[in-house]
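Trainee: Numbering-wise (the numbering used here), the first sequence opens with residue 985 and increments by one.
Note that beta-carbon positions come from the ideal geometry of N, C-alpha and C, so glycine has one too.
All values reported here derive from a predicted model rather than from experimental measurement.
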Amino acid sequence: MSWTDERVETLKRMWNEGQSASQIAKELGGVTRNAVIGKVHRLGLSNRTGVAPQPAPAAPQAAPAPAQPAAPAAARPEPAAAPEAAKPAEEDDSPIPMSAARRAIIPAGQPLPPQPSANEISPEALAKVSEVEKGAKKLTLMELTEKTCKWPVGDPATDNFWFCGLPTQSGKPYCEAHVGVAFQPMSSRRDRRR
DNA sequence: CCCTGATTCGC
DNA sequence: GCGAATCAGG
């Protein structure tokens, strides 16, 4: 397999969606996670943040060059992300707008099984879950394995029901995001690494 | 042991 | 440019 434009595009999209290299490799097929990571580096997008920080290579500018109003060079707005024409089919692609993903998921009345005894779950975790569910594999009961997140989504009495299916982090039954809401430590633990 | 990304280096 | 092997970490 080779890196066709299409495959590279998928790679970029998934990488920016926060998918892991192994997941991307699985999706693309014919490549290993190493290949994916290697490509990611070659493309120079190891940093998943949408906007490149740009280490300000600005020249020291010894002399401010007073005279000569010069042209309105001004600051470079940095085009940043292009509008990206929406794809016809395919799922909706959101660049992780943490702020917007703050709706009340878990509307009262819905049969949410592992309903955490505690009523307050970290908003971060909730946001992450709603995010993750958009990209869930939507597995059926039979498709679950020890490595797939078993978090149920939707109403079991309707067709709108599936299991998350994303990779479990370790020996847990859920993916990282769902572990976050499934197991709430005795005391709210605050630790943000990375 | 499962996984993650990062780096190296022969091809 | 590519990616397996390896490294470093959770």
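Just how far apart, CA to CA, sit C1159 and R991?
Mentor: In the first sequence, residue 1159 corresponds to position 175, counting from 1. In the first sequence, residue 991 corresponds to position 7, counting from 1. Computed Cα separation, rounded: 26 Å.
Trainee: What residues in its chain sit with their C-beta under 7 Å from that of V1020, if we drop five residues either side in the sequence?
Mentor: As a first step, residue 1020 must be located in the first sequence, where it is residue number 36. Contacts found: L995, A1005, I1008 and A1009.
Trainee: Is it buried or exposed, F1147, if we count other Cβ atoms within 10 angstroms and call 16 or more buried?
Mentor: In the first sequence, counting from the first residue as 1, residue 1147 sits at position 163. Classification of F1147: buried, given that the 10 Å Cβ count is 16 or more.
Trainee: Using the beta-carbon count (16 or more within 10 Å), is S1124 buried or exposed?
Mentor: Along the first sequence, one-based indexing puts residue 1124 at 140. The amino acid occupying residue 1124 in the given sequence is Thr; Ser does not appear at that position. That one is exposed.
Trainee: P1136 bridges to which residues according to DSSP?
Mentor: Walking along the first sequence from the start, residue 1136 turns up at place 152. P1136 pairs with F1147.
Trainee: Assuming contact is defined by CB atoms lying nearer than 7 Å, are V1116 and A1161 in contact in what I supplied?
Mentor: Here residue 1116 refers to the residue found at position 132 of the first sequence. Here residue 1161 refers to the residue found at position 177 of the first sequence. It is a contact, given that the beta carbons lie within the stated cut-off.
Trainee: For the alpha helix (DSSP H) that contains T994, what are its first and last residues?
Mentor: Position 10 of the first sequence, counting from 1, holds the residue named residue 994. Taken as a continuous stretch (DSSP letters only), the alpha helix (DSSP H) holding T994 covers D989 to N1000.
Trainee: Is L1012 buried or exposed, if buried means 16 or more other CB atoms sit within 10 Å of its CB?
Mentor: Within the first sequence, the letter at position 28 stands for residue 1012. Result: buried.
Trainee: P1157 to K1121, Cα distance in whole Å?
Mentor: Counting from one through the first sequence, the residue named residue 1157 turns up at place 173. Counting from one through the first sequence, the residue named residue 1121 turns up at place 137. Going by the C-alpha atoms only, they are around 15 Å apart.
Trainee: Over what stretch of residues does the alpha helix (DSSP H) that includes S1006 continue unbroken?
Mentor: For this step, residue 1006 is matched to residue 22 along the first sequence. Taken as a continuous stretch (DSSP letters only), the alpha helix (DSSP H) holding S1006 covers A1005 to L1012.
Trainee: What distance in whole Å lies between the Cβ atoms of K1131 and P1151, which are believed to be in contact at a cut-off of 8 Å?
Mentor: As a position in the first sequence, residue 1151 is number 167, starting the count at 1. As a position in the first sequence, residue 1131 is number 147, starting the count at 1. So it is a contact: roughly 6 Å between Cβ atoms.
Trainee: Within its chain, find whatever has a CB closer than 8 Å to the CB of G1138; leave out the 5 residues flanking it on each side and keep chain order.
Mentor: Looking up residue 1138 in the first sequence gives position 154. Closer than 8 Å at the Cβ level, and outside the excluded window around G1138, lie N1144, F1145 and W1146.
Trainee: State the DSSP-derived secondary structure class of L1123, mapped to helix, strand or coil.
Mentor: Reading the first sequence from its first residue, position 139 is the one you call residue 1123. Residue state, collapsed to three classes: strand.
Trainee: Taking the beta carbon of K1023 as the centre, do at least 16 other beta carbons fall within 10 Å, making it buried, or is it exposed?
Mentor: In the first sequence, counting from the first residue as 1, residue 1023 sits at position 39. By the 10 Å Cβ count, K1023 comes out buried.
Trainee: Taking the alpha carbon of M985 as the reference point, which residue from Q1003, G1014, M998 and G1002 has its own alpha carbon closest?
Mentor: Residue mapping note: residue 985 aligns to position 1 of the first sequence, counting from 1. Ranking the options by Cα distance to M985, first place goes to G1014.
Trainee: Could you check the C-alpha separation between W1204 and H1025 for me, to the nearest Å?
Mentor: Residue 1204 lies beyond the residue range present for the chain, which begins at 985 and ends at 1178; the question has no answer from this structure.
Trainee: My assumption, with CB atoms under 8 Å, is that G1164 sits in contact with A1109. Please give the rounded CB distance.
Mentor: Along the first sequence, read from residue 1 onward, the residue named residue 1164 stands at position 180. Along the first sequence, read from residue 1 onward, the residue named residue 1109 stands at position 125. Indeed they touch by this definition, with Cβ atoms about 4 Å apart.
Trainee: For the alpha helix (DSSP H) that contains E1160, what are its first and last residues?
Mentor: Within the first sequence, the letter at position 176 stands for residue 1160. Note, E1160: alpha helix (DSSP H), E1160 to A1166.
Trainee: May I ask which residues mark the beginning and end of the alpha helix (DSSP H) holding K1023?
Mentor: Mapped onto the first sequence, residue 1023 falls at position 39. Segment R1017 to R1026, the alpha helix (DSSP H) holding K1023.
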